[in-house]
Amino acid sequence: MAKDLKAQYRNINKDSFPARMEVAFYDDGGSRSVLSYEKVEWTIDGETNGLRYGENPDQGAALYRLVNGNLSLAGIETIQGGRYLVSDAELLQSGKHPGKTNLTDVDAALNILRYFGSSKACAIIKHNNPCGVALAPSLAQAYQRAYMADRVAAFGGAVVLNDAVDAQLAGMMIESYCEVVAAPDFSDQALALFAKKKNVRVIRIKDIARLESYVGQRVLDFKSLIDGGCVVQTSFVPTARSAADFLPAECEYQGKLYSVKREPSKAELDDMLFGWLVESGVTSNSVIFVKDGVTVGIGTGEQDRVGVADIARYKAYLKLQDRLYFERYGEPFNASTDLAKKAAIVEEVAALKGGLPGSVMVSDAFFPFRDGIDVGLREGVTAVIQPGGSIRDFEVIEACNEYGAAMKYTGQRSFKH
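What the sequence shown shows, in the working numbering, is residues 14 to 430, in sequence order.
This is the structure we're talking about:
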């Protein structure tokens, strides 16, 4: 029986999806707009097929690329056909056909990386959420920082980089296990190293080189309902894409004006912007902490804001424990049986407050009460970026002033479900 269960993940389902698909929209005047798609397939070891399966092995799936159709809804132009990224992925090495989650994880990373222009950036994604995202002077440093931000969760994830991968970086990457590596190009030496890990899907996405041109571009999101119905929306675009776009953290309550007293430093503004753009790729309800261009703790998918802030804080402590232990002793914290060493690391991380002092706290929606923001402020967070708009914003502003923290508003919620 166990053997049969494992076999599910090796099988390639012969999907029954047609080669072409069209989605048509009609207005009251009879005008018709059509989006035309064609199915994507790859030939691997002489076998031509599309996606192995969907989110699970018993779910069929297909990838379609948009080949034609310019659609305008509510005055918003969607991406035109023929502008391909993930839907035109070139498999340089695969071992086996990719599944749905492999490609959607790559897409989730690109949704974040597009905002960082020419900066060297890396996003490591697992289950459509970032394990770690980092900026650095070099691509190798960006990878190392993103990987060490959450080395445990990165196992089996998708590593996506916005510049070409050379042999040095490939050598670093094969020391760990990832399902997917995606980049605009790879050197021959890098590909030779990846060949040692035959089941790693190495994907070249050439248009990552012009990823920045996708900033501000919208697509249609389709969400199917239990009865076969469908909710269609235009995709999220953050309006605050520079520090100059941030709004003052102030509000009026019972005739009194409340405002945050301290302005953020240049370094804090940089992290506030970095964190807000990363936040656009995190499943809601979420809170994240960032510091020096790296994610420190990421809390996702919770129902209450104080709860998700607690999770992000907890993960910051947990991931720092593992990173310090791994760097010093070459093994995972959880795998070690040396109780004395582990106790010393726990004590050190507690003294460091999980690396949170001096970090920026990012929230995808307003804080309904100050208890959520207090989670970060108690740990030494010095700046906060959030949408604002709660009827109790005055409490959150008072909390920042009590701790001497800076705060800005984005004026826009960033939910992602």
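Glycine residues also receive a C-beta, built at the ideal position from the N, C-alpha and C atoms. Just so we're clear, the structure is a prediction, and the values are computed from it rather than from any experiment.
Query raised in the report: Where does Val321 land, buried or exposed, given buried means 16+ other C-beta within 10 angstroms?
Result: buried
Query raised in the report: Are Ser293 and Ser131 closer than 8 Å when you measure CB to CB?
Result: no
Report task. For Phe287, write down the residues that DSSP places opposite it in a beta bridge. Result -> Answer is none; Phe287 lacks a bridge partner.
Report task. Spell out a yes or no on whether the region 164-181 and the region 191-198 are touching, meaning 3 or more CB-CB pairs, one atom from each, closer than 8 Å. Result -> yes
Report task. Please name the residue in Ala37, Ala357, Lys328 and Thr350 whose C-alpha comes closest to that of Leu369. Result -> Lys328
Report task. Assign Lys332 to one of two classes, buried (16 or more other C-beta atoms within 10 Å of its C-beta) or exposed (fewer than that). Result -> buried
Report task. Counting only the same chain and skipping the five closest in sequence on each side, list residues whose C-beta sits under 7 Å from that of Asp240. Result -> none
Query - Lys274: first and last residue of the uninterrupted beta strand (DSSP E) it sits in - result: Careful: Lys274 lies outside any beta strand (DSSP E) and carries neither H nor E.
**Report entry** Inter-stretch contact (C-beta, 8 Å, three-pair minimum) for the region 374-381 and the region 397-404
**Finding:** yes
Query raised in the report: For the beta strand (DSSP E) that Gln154 lies in, which residues bound it at each end?
Result: No beta strand (DSSP E) contains Gln154, which is instead part of the alpha helix (DSSP H) from Leu152 to Ala162.
Query raised in the report: Using the C-alpha atoms, what's the distance from Asn81 back to Asp201?
Result: 35 Å
Query raised in the report: If we call anything under 8 Å between Cβ atoms a contact, is Phe259 one with Lys421?
Result: yes
Requested in this report: For Val99, name the three-state secondary structure that DSSP assigns.
Outcome: helix
Query raised in the report: Under 8 Å, do Val303 and Val291 count as touching if we go by C-beta distance?
Result: yes
Requested in this report: In angstroms with no decimal places, state the Cα-to-Cα distance between Met14 and Pro70.
Outcome: Low confidence applies to Met14: its pLDDT is 44, below 50, so where it sits in the model is not reliable, and the reading given next is rough at best. When rounded, the distance between both Cα atoms is 16 Å.
Report task. Inspect the CB distances between the region 275-285 and the region 342-354 and report whether three or more fall short of 8 Å. Result -> no
**Report entry** Inter-residue Cα distance where the pair is Gly330 and Gln157
**Finding:** Inspection of the sequence shows that residue 330 is occupied by Tyr rather than by Gly. When rounded, the distance between both Cα atoms is 19 Å.
Query - C-alpha distance - Ala162 paired with Glu276, whole-angstrom precision - result: 28 Å
Query - Whole-angstrom distance between Pro31 and Cys243, CA atom to CA atom - result: 20 Å
Requested in this report: Using three-state DSSP, classify Met14 as helix, strand or coil.
Outcome: Note on Met14: pLDDT 44, under 50, position unreliable in the model; no value is reported.
Requested in this report: Going by CA-CA distance only, name the one from His430, Lys429, Thr423 and Leu390 that's closest to Glu411.
Outcome: Leu390
Report task. Pull up the CB-CB distance for Leu76 and Leu116, whole angstroms please, since I reckon it's below 8 Å. Result -> 6 Å
Requested in this report: Would you identify the three-state DSSP class for Glu360, choosing helix, strand or coil?
Outcome: helix
Requested in this report: Flag this pair as yes or no: are the beta carbons of Ser248 and Arg231 separated by less than 8 Å?
Outcome: yes
Query - Neighbour-count burial assignment, Asn124, 16 or more Cβ in a 10 Å radius - result: buried
Query raised in the report: Can you pull the DSSP bridge partners for Lys139?
Result: Asn142
**Report entry** Reduced DSSP category for Tyr338 - H, G, I as helix; E, B as strand; rest coil
**Finding:** helix
Report task. Tell me, please, whether the region 132-142 touches the region 261-271 by the rule of three or more beta-carbon pairs shorter than 8 Å. Result -> no
Query raised in the report: What separation, rounded to the nearest whole angstrom, lies between the Cα atoms of Leu204 and Ala183?
Result: 8 Å
Query - Reference Gln246, options Ala257, Asp234 and Ile358, closest by Cα - result: Asp234
Query raised in the report: Which one of Tyr160, Ala149, Pro150 and Gln154 has the shortest CA to CA distance from Pro143?
Result: Tyr160
Requested in this report: Tell whether a beta-carbon distance below 8 Å holds between Val146 and Asp120.
Outcome: no
**Report entry** Alpha carbon of Ser46 to alpha carbon of Val300, nearest angstrom
**Finding:** 39 Å
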